[in-house]
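Colleague: In the numbering used here, each residue carries its 1-based index in the sequence shown increased by 68. Yeah, the Cβ is synthetic: ideal placement off N, Cα and C, and Gly gets one too.
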Amino acid sequence: MTTLRNLPSVEQLLQIESTAHLIARFGRPLTLDAIRITLDEIRTRFKSGLLVELPSTEFILTQTESHLTAWTNSTLHPVINATGVILHTNLGRAPLSDATIRAMDSVSRGYSNLEFDLETGKRGSRLIHAEALLQKLTGAESALIVNNNASAILLVLSALANKKRVIIARSQLVEIGGGFRIPDVMKQSGAKLVEVGTTNKIRLSDYESAIQESVSNKLLKSPSSAAGLVMRAHRSNFKLVGFTEEPELKDIVETAHKFDVPVVDDLGSGALYDTAKYGLAHEPTVQESMQAGADIICFSGDKLLGGPQAGIIIGKKVLIDKIKKHPLARAVRADKACLAGLSATLTHYLKDEAEREIPVVKMMSLTLKQLQGRAEAWRDELGYGEIESGLSTVGGGSLPDESIPTFLLSLKVKSAEKFLKALRKNNPPIIARTEQDKILLDPRTVLPEQEGALLVGLKNLLKDSVG
Ligand SMILES: *Cc1c(COP(=O)(O)O)cnc(C)c1O
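#1: How big is the Cα-Cα spacing for Val354 and Phe475?
#2: The alpha helix (DSSP H) that contains Ser539, what's its start and end?
#3: Does the distance from the C-beta atom of Ala443 to that of Thr151 stay below 8 Å?
#4: Please identify the residue among Ala484, Ala301, Thr312 whose C-alpha is closest to the C-alpha of Ala220.
#5: By Cβ distance below 6 Å, which residues in the same chain neighbour Ser460 in space, the five residues on each side in sequence not counted?
#6: Using a Cβ-Cβ cutoff of less than 6 Å, which residues in the same chain neighbour His145 once the five nearest sequence positions on both sides are dropped?
#7: Could you tell me the distance, in whole angstroms, from the CA atom of Gln359 to the CA atom of Leu159?
#8: Does the Cβ of Ser86 lie closer than 7 Å to at least one heavy atom of ligand 1?
#9: Helix, strand or coil for Phe306, going by three-state DSSP, please let me know.
#10: Among Gly451, Trp446, Leu436, Asp448, whose alpha-carbon lies nearest the alpha-carbon of Gly458?
#11: Could you check whether Ala162 and Gly375 sit closer than 8 Å to each other, using their CB atoms as the reference points?
#12: Evaluate Pro330 with the Cβ neighbour count: other Cβ atoms within 10 Å of its Cβ, from every protein chain shown; 16 or more gives buried, anything less gives exposed.
#13: Hey, Arg238 and Glu263: beta-carbon distance below 8 Å or not?
#14: Roughly how many whole angstroms lie between the Cα atoms of Val147 and Leu515?
#15: In the DSSP assignment, the alpha helix (DSSP H) including Thr70 goes from what residue to what residue?
#16: Return the CA-CA distance between Ala402 and Thr413, expressed in angstroms with no decimal places.
#17: Bridge partners for Pro473 per DSSP, in chain order?
#18: Let me check understanding here. Comparing Cα to Cα, which of Cys406, Ile507, Lys493, Glu425 lies closest to Ile455?
#19: Using the Cβ count rule (16 or more neighbours within 10 Å means buried), how would you classify Glu316?
#20: What does the alpha-carbon distance come out to for the pair Val224 and Glu209?
#21: Where does the unbroken alpha helix (DSSP H) through Val224 begin, and where does it stop?
#22: Excluding the five sequence neighbours on either side, which residues of its own chain have a C-beta within less than 7 Å of the C-beta of Gly535, listed in chain order?
#23: Tell me the DSSP secondary structure of Gly535 in three-state form.
#24: Alpha carbons only, please: which of Leu118, Leu82, Leu529 is nearest the one belonging to Asp101?
#25: Which same chain residues end up closer than 6 Å to Leu479 when comparing Cβ atoms and leaving out the 5 residues on each side of it in sequence?
#26: Ligand 1 and Ala412: does any heavy atom of the ligand fall closer than 7 Å to the residue's C-beta?
#27: Spatial neighbours of Leu407 within its chain, please: C-beta separation below 7 Å, excluding the five flanking residues on both sides.
#28: Per DSSP, Arg238 is paired with what?
#29: Closer than 8 Å by C-beta to Ser411: which residues in its own chain qualify, once you throw out the five before and the five after it? Chain order, please.
#30: So is Ser277 buried or exposed if we call it buried at 16+ other beta carbons inside 10 Å?
#31: From Ser284 to Phe327, what does the alpha carbon distance come to, in whole angstroms?
#32: Where do the N-terminal and C-terminal ends of the alpha helix (DSSP H) with Ile103 fall, by residue?
#33: Taking just the CA atoms, how far does Leu186 sit from Lys318?
#34: Can you determine whether any heavy atom of ligand 1 sits closer than 7 Å to the C-beta of Ser193, and answer yes or no?
#35: Is it true that the CB of Phe367 sits closer than 8 Å to the CB of Ser337?
#36: CA-CA distance, Gly310 and Asn268?
What follows is the structure in structure tokens.
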């Protein structure tokens with residue numbers, strides 16, 4: 069009769085050669101842990117009658133190995149983005165340029181002069197890195213890099229408007245995504261929100277009376293009601309259409325400056341180039357905000373800029389100096405890899421090579437002919453599918469409703485849902501779109517070096533699915 073006494077002990081299993089291989093791969097403590105857990109599982113199942121026979125030693129070690137692989141496999145890994153959404157927030161936004169990756173790699177591998185002045189041999193400041201590049205590119209007096217644009221806004225408001233009024237158009241009280249809402253951020257920063265205008269219409273006179281009221285409050289010795297800032301937030305993820313009106317930034321700036329109130333412009337994406345060049349709507353550029361006279365401009369590093377995750381704050385030196393000194397600045401500071409990567413990405417703009425080097429800009433600039441060529445090459449390689457015209461989008465909370473024409477490879481399959489699921493289970497996972505019973509793959513967002521893996525994955529799945 070089979071009894072649990074016949075189950076091999078941990079010590080016995082440790083004598084086996086394949087256990088030695090597991091120890092070499094996963095380390096002794098973890099392997100021991102996995103063996104104990106596997107044996108416990110077998111005992112439990114045996115006692116409850118789910119297991120009639122004791123499993124072989126080989127089976128025990130296979131189970132042990134599955135535990136070890138599951139525990140040590142990273143949950144975060146590359147995927148192939150065939151959705152045609154260029155800045156897919158769920159898929160990690162901007163893929164980086166080679167020079168950016170090299171810069172991040174070399175600064176991470178060893179020590180760096182992150183906060184060390186090579187001239188004097190004394191302590192330096194991490195805040196200088198990328199600052200000169202941003203000054204040169206935008207003409208701003210000063211710059212500060214933080215963790216992301218959400219933290220940039222929180223920091224700016226906390227440093228410049230704590231216990232003061234921030235005047236903002238009602239139409240700009242937006243939720244950016246993931247529950248990040250401008251009114252909540254204001255509350256968190258200690259700023260007092262003053263909404264002006266209506267949902268669809270805001271006039272210069274709305275700003276003017278709000279500022280004027282705050283100024284009179286200040287004269288009445290109630291500094292907590294003084295106007296700290298006028299803020300403009302870009303409506304990056306929705307459109308306001310129809311009976312609408314909104315003053316130009318330069319006119320808002322002029323009005324605010326009459327009363328010595330600075331203007332903060334949250335650009336969201338903050339392109340350094342004109343997206344209209346690629347057949348998209350014009351996304352407000354950083355240079356335009358500078359020209360309009362905004363005192364502080366905030367934007368993301370990993371949206372249309374195409375760099376690593378970062379929040380970029382540029383503007384007047386007196387204000388940036390104040391922001392740099394705020395305690396939150398330390399809490400949201402950028403790390404060395406981000407600073408190195410962002411500098412490399414910005415250098416592409418300085419050298420006028422963004423279209424050639426920065427993947428998101430390159431994806432936007434692909435011609436229909438190039439896209440058709442790639443989709444056709446995929447079809448020919450697979451010996452299956454049709455070429456369809458379709459649309460790619462920018463995504464990432466940029467340019468809502470805007471799309472660029474593309475060519476798609478369309479695959480008719482038995483069950484689109486099942487096929488999509490199988491694509492997600494591929495190694496590396498392939499993320500695609502469906503339309504009725506078709507799988508749609510957009511060459512625009514598939515990196516050239518991933519094409520081989522994409523085609524191998526598709527071939528394997530098509531064998532089972534079309535059959
Ligand atoms: C995306 C966005 C943010 C947040 O930027 P992150 O870099 O994602 O933190 C803030 N404001 C606007 C208008 C945005 O579009």
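Modeller: Looking at the atomic coordinates:
#1: 31 Å
#2: Here the chain comprises residues numbered 69 to 535, so residue 539 is not present and cannot be evaluated.
#3: no
#4: Ala301
#5: Gly152, Ile472, Thr474, Asp510, Arg512
#6: none
#7: 34 Å
#8: no
#9: coil
#10: Leu436
#11: yes
#12: buried
#13: yes
#14: 10 Å
#15: Where Thr70 is concerned, there is no enclosing alpha helix (DSSP H), given that its DSSP letter is neither H nor E.
#16: 15 Å
#17: Leu459
#18: Ile507
#19: exposed
#20: 16 Å
#21: 217 to 229
#22: In this predicted model, Gly535 has a pLDDT of only 45, less than 50, meaning its place in the structure is not dependable; the value taken from the coordinates is given anyway. Cβ within range, chain order: n/a, list empty.
#23: Reliability fails at Gly535, whose pLDDT of 45 lies under 50, so the model's placement of it is uncertain and the value that follows must be treated cautiously. DSSP places Gly535 in coil when its eight states are reduced to three.
#24: Leu82
#25: Gly453, Ile507
#26: no
#27: Arg194, His197, Ala198, Ile213
#28: Looking at the DSSP assignment, Arg238 forms no beta bridge with any residue, so it has no partner.
#29: Ala171, His197, Ala198, Leu201
#30: exposed
#31: 11 Å
#32: 96 to 115
#33: 41 Å
#34: no
#35: yes
#36: 8 Å
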